[in-house]
Amino acid sequence: MADSSKPPIKTPLRVRFSYRADVCAGEDDDKQEVFQSQVTNMDTSARSKVDLVLQWVKTNLLLALTIGGVLVGVLVGFLGRLARFSDESIMLVSFPGEILMRLLKMFILPLIISSLVSGMAQLDARSSGRMGSRALLYYITTTILAAIVGIFMVLVIHPGDPSIKTHVEGGSTDTKVSTLDAILDIVRNLFPDNLMQACFQQVQTTYKKVHKPLVFHEPNSSDDSSVFILKPQLVYKDGTNVMGMIVFCLAFGLLAGQMGAKAKLMVDFFVVLNDIVMKLVGVVMWYSPFGILCLIAGKIMSIENLAATAQQLGLYMITVILGLLVHALVTLPGIYYAFTRKNPAVFFQGMLQAWVTALGTASSAATLPITFRCLEENNKIDARVTRFVVAVGATVNMDGTALYEAVAAIFIAQMNGIPLGIGEVITVSLTATLASVGAASIPSAALITMLLVLSALGLPTSDISLLFAVDWLLDRLRTSINVLGDAYGAGIVYHLSKDELDRMDAERIVDAAESGLAVGVKASETADCISQPIPAGSSETQM
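According to our numbering, the sequence shown is numbered sequentially starting from 25.
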């Protein structure tokens with residue numbers, strides 16, 4: 025029986041090779057297509073990231089320029105130190121920054137007056153009272169917490185060393201201060217006797233040496249202390265009395281709002297004035313990156329013995345900086361989140377422009393116009409809240425200053441080998457809080473109010489001059505924290521007052537609609553009376 029199975033058909037070798045070559049070529053094409061698609065996706069993702077960066081820079085061009093101005097200013101300052109420029113050259117480098125400070129300070133007074141009057145005129149007495157109590161409670165709480173953070177840091181790190189006084193030269197500061205005088209001066213400045221003078225001067229208690237009255241039965245003494253006595257007197261020093269202007273504008277705005285239609289013309293004037301000033305601020309802000317660059321570069325160039333100062337006071341600087349970081353990254357965002365349940369990082373992102381400007385100018389008052397813009401435009405805070413909370417906070421709420429003064433006072437005590445008990449530490453926290461309220465919102469004002477804290481503890485006031493060498497940097501850092509504290513306070517007060525403000529707006533809309541309806545009805549009645557035909561016997565011309 026024959027086998028029916030057919031033998032397998034053998035494929036020629038050349039055909040098999042060509043088939044395998046075609047398969048390999050197809051696989052290579054697929055791999056090449058996948059590779060090309062991956063490269064294309066990578067290019068697309070890279071381009072998208074670049075586009076996102078460019079879009080962010082385009083949207084936040086002013087912020088990017090300001091941050092770049094700070095970085096370039098630091099670089100130019102350290103490079104300029106190598107060239108050892110003369111004082112005249114450093115003055116010319118700092119001159120554009122001086123112009124920026126003058127421009128920003130020029131807007132402080134009209135901005136505070138117009139913003140407070142226009143803001144308070146749109147609030148009633150009850151709402152403004154609640155808002156003020158919330159803001160005041162926030163100010164006191166954060167300032168005391170800042171002082172406590174500073175005390176904790178300086179006690180843990182212990183930067184004070186008696187050997188520092190032998191290496192760092194200090195001068196003498198023979199200025200008598202007292203806590204009672206500081207409190208009375210704050211109250212006096214709240215109620216200025218001349219509004220025009222309050223625009224450029226404020227009152228302060230000083231002590232003057234006068235001859236002691238001669239008493240004939242006392243033996244003669246050659247001691248100078250028995251011949252002269254210190255007599256207190258009130259003098260007016262340069263600087264805007266911001267607290268007095270704020271009190272007057274608050275009362276003026278509230279009364280103007282209660283007068284209604286009678287005071288509408290006056291309120292409209294201040295509203296338009298505020299808008300004009302804010303537009304001028306918007307123009308000046310584009311000059312601020314260059315001005316901040318020159319300010320920082322000139323300040324770094326003018327420092328003498330930078331390395332020696334950093335070596336001797338480096339631990340003290342680290343203590344202050346760590347305390348400010350804890351307060352800015354933990355305390356303030358924690359309080360903001362606890363009340364609003366919102367992301368504090370997003371809020372801080374909206375305040376970056378004001379924060380960087382405060383770093384450059386070292387003045388919370390000069391940063392005030394930019395703080396208004398950041399809060400109202402970026403973080404969408406009601407203008408009635410910002411004009412009240414931030415304007416008052418720029419003078420009263422000084423978290424960074426309270427922390428700095430607490431650290432500096434205990435540092436000086438450690439440097440002199442003076443131990444402090446729990447009573448003295450509590451005194452430091454309270455007097456630092458009080459001194460920060462009295463500190464003017466101008467550069468390096470904390471060094472002046474430090475006298476109050478040191479006098480309360482009985483510490484030598486002459487050691488304050490040791491801190492001058494590093495105050496140029498710490499002043500900028502604490503000012504930026506002061507601005508952040510004001511901003512977070514405005515956000516918290518707005519969150520707690522939002523329902524009241526919405527209710528007030530709704531009532532105002534209803535009142536306006538009712539008044540408009542009443543005016544319309546009255547106008548229609550007058551038109552009907554005019555259009556009615558006059559009876560024949562009632563004409564005055566008819567005889």
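Using N, Cα and C, we set each Cβ at its ideal position, and we do this for glycine too.
Query raised in the report: Rounded to a whole number of angstroms, what is the C-alpha to C-alpha distance between Ser118 and Leu497?
Result: Numbered from its first residue, the sequence shown carries residue 118 at position 94. Numbered from its first residue, the sequence shown carries residue 497 at position 473. Using only the alpha carbons, I get a separation of about 16 Å.
Query raised in the report: Based on the DSSP output, what are the partners of Val234 in its beta bridges?
Result: Residue numbering aside, residue 234 sits at position 210 when the sequence shown is read from its first letter. BP columns for Val234 point to Ile253.
Requested in this report: Write down the C-beta distance between Asp499 and Ala386 rounded to the nearest angstrom, noting that I regard them as a contact closer than 8 Å.
Outcome: In the sequence shown, counting from the first residue as 1, residue 499 sits at position 475. In the sequence shown, counting from the first residue as 1, residue 386 sits at position 362. Between Ala386 and Asp499 the Cβ distance is about 5 Å, and since that is below 8 Å, they are a contact.
Query raised in the report: Does DSSP put Gln146 in a helix, in a strand, or in coil?
Result: Sequence index remark: in the sequence shown, residue 146 carries index 122 (1-based). Coil at Gln146, not helix or strand.
Query raised in the report: Applying the criterion that 16 or more other CB atoms from any shown protein chain within 10 Å of the CB defines a buried residue, is Pro393 buried or exposed?
Result: Walking along the sequence shown from the start, residue 393 turns up at place 369. Burial call: buried.
Query raised in the report: Got a sec? Which residues, its chain only, sit under 7 Å from Lys233 by beta carbon, not counting five neighbours each side?
Result: Position 209 of the sequence shown holds residue 233. Closer than 7 Å at the Cβ level, and outside the excluded window around Lys233, lie Phe252 and Leu254.
Query raised in the report: Of the choices Asp205, Val227, Leu204 and His182, whose alpha-carbon is the least far from that of Phe215?
Result: Residue 215 sits at position 191 when you count from the first residue of the sequence shown. Checked all of Asp205, Val227, Leu204 and His182; the closest Cα to Phe215 is Val227.
Query raised in the report: With respect to the alpha helix (DSSP H) encompassing Cys318, which residues constitute its N-terminal and C-terminal limits?
Result: In the sequence shown, counting from the first residue as 1, residue 318 sits at position 294. It spans Ser312 to Met325 - the alpha helix (DSSP H) in which Cys318 sits, taken as one unbroken run.
Query raised in the report: Along the chain, where does the alpha helix (DSSP H) that runs through Gly277 open and close?
Result: As a working mapping, residue 277 is identified with position 253 in the sequence shown. Looking at the DSSP string, the run of the alpha helix (DSSP H) that includes Gly277 is Val266 to Gln282.
Query raised in the report: Can Ile24 and Tyr360 be called in contact, C-beta distance under 8 Å?
Result: Not covered by the structure: residue 24. The range shown for the chain is 25 to 567.
Report task. Use the C-beta contact count for Ser157: other C-beta atoms within 10 angstroms, 16 or more gives buried, fewer gives exposed. Result -> Within the sequence shown, numbered from 1, the residue matching residue 157 stands at position 133. Answer is exposed; the Cβ neighbour count stays below 16.
Requested in this report: For my contact list, Leu274 and Leu140 are in at a C-beta cut-off of 8 Å; report their separation, rounded to the angstrom.
Outcome: Along the sequence shown, one-based indexing puts residue 274 at 250. Along the sequence shown, one-based indexing puts residue 140 at 116. With a Cβ gap of about 6 Å, Leu274 and Leu140 count as contacting.
Query raised in the report: Exposed or buried, which one is Asp292 when buried takes at least 16 other CB atoms within 10 Å?
Result: Taking the sequence shown and counting its residues from 1, one reaches residue 292 at position 268. By the neighbour-count rule (16 or more Cβ atoms within 10 Å), Asp292 is not buried but exposed.
Query - Residue environment, Val534, which counts as buried when at least 16 other CB atoms sit within 10 Å - result: Your numbering for residue 534 matches position 510 in the sequence shown. It counts as exposed.
Requested in this report: Output the distance between the C-alpha atoms of Tyr231 and Ala536, rounded to the nearest integer angstrom.
Outcome: Start at 1 with the first residue of the sequence shown, and residue 231 comes out as number 207. Start at 1 with the first residue of the sequence shown, and residue 536 comes out as number 512. Cα to Cα, Tyr231 sits roughly 57 Å from Ala536.
Requested in this report: Measuring alpha carbon to alpha carbon, tell me which of Asp495, Val94 and Pro484 ends up nearest Ala321.
Outcome: Position 297 of the sequence shown holds residue 321. Of the listed residues, the one whose Cα sits closest to Ala321 is Val94.
Requested in this report: Please classify Asp262: does DSSP put it in a helix, a strand, or coil?
Outcome: Translated into the one-based positions of the sequence shown, residue 262 becomes position 238. Residue state, collapsed to three classes: strand.
Query raised in the report: Going by alpha carbons, who is nearest to Arg532 out of Met341, Met422 and Gln146?
Result: For the purposes of this step, residue 532 is identified with residue 508 of the sequence shown, where counting begins at 1. That would be Gln146, whose Cα lies nearest to the Cα of Arg532.
Query - Three-state secondary structure assigned by DSSP to Ser465 - result: As a first step, residue 465 is located in the sequence shown; it is residue number 441 there, counting from the start. Annotation note: pLDDT 49 at Ser465 (below 50); position unreliable, no value reported.
Query raised in the report: Below 8 Å between beta carbons: does that hold for Leu337 and Val494?
Result: Position 313 of the sequence shown, counting from 1, holds the residue named residue 337. Position 470 of the sequence shown, counting from 1, holds the residue named residue 494. Result yes, Cβ atoms of Leu337 and Val494 sit closer than 8 Å.
Query raised in the report: By Cβ distance below 6 Å, which residues in the same chain neighbour Leu89 in space, the five residues on each side in sequence not counted?
Result: Within the sequence shown, numbered from 1, the residue matching residue 89 stands at position 65. Correct list, in chain order: Pro313.
**Report entry** First through last residue of the alpha helix (DSSP H) which encompasses Phe224
**Finding:** Here residue 224 refers to the residue found at position 200 when the sequence shown is read from its first residue. In the DSSP assignment, Phe224 falls outside any alpha helix (DSSP H), carrying neither H nor E.
Report task. State the CB to CB distance for the pair Val301 and Phe131, rounded to an integer number of angstroms; the pair is presumed to be in contact (CB under 8 Å). Result -> On the sequence shown, residue 301 is found 277 positions in, with the first residue counted as 1. On the sequence shown, residue 131 is found 107 positions in, with the first residue counted as 1. With a Cβ gap of about 6 Å, Val301 and Phe131 count as contacting.
Query raised in the report: Ile436 CB to nearest chain D CB: under 8 Å?
Result: No chain D appears in the structure shown, which is made up of a single protein chain.
Query raised in the report: Is DSSP giving Gly425 helix, strand or coil here?
Result: Here residue 425 refers to the residue found at position 401 when the sequence shown is read from its first residue. As written in the sequence, residue 425 is Thr, which differs from the Gly given in the question. Of the three classes helix, strand and coil, the one that applies to Thr425 here is helix, per DSSP.
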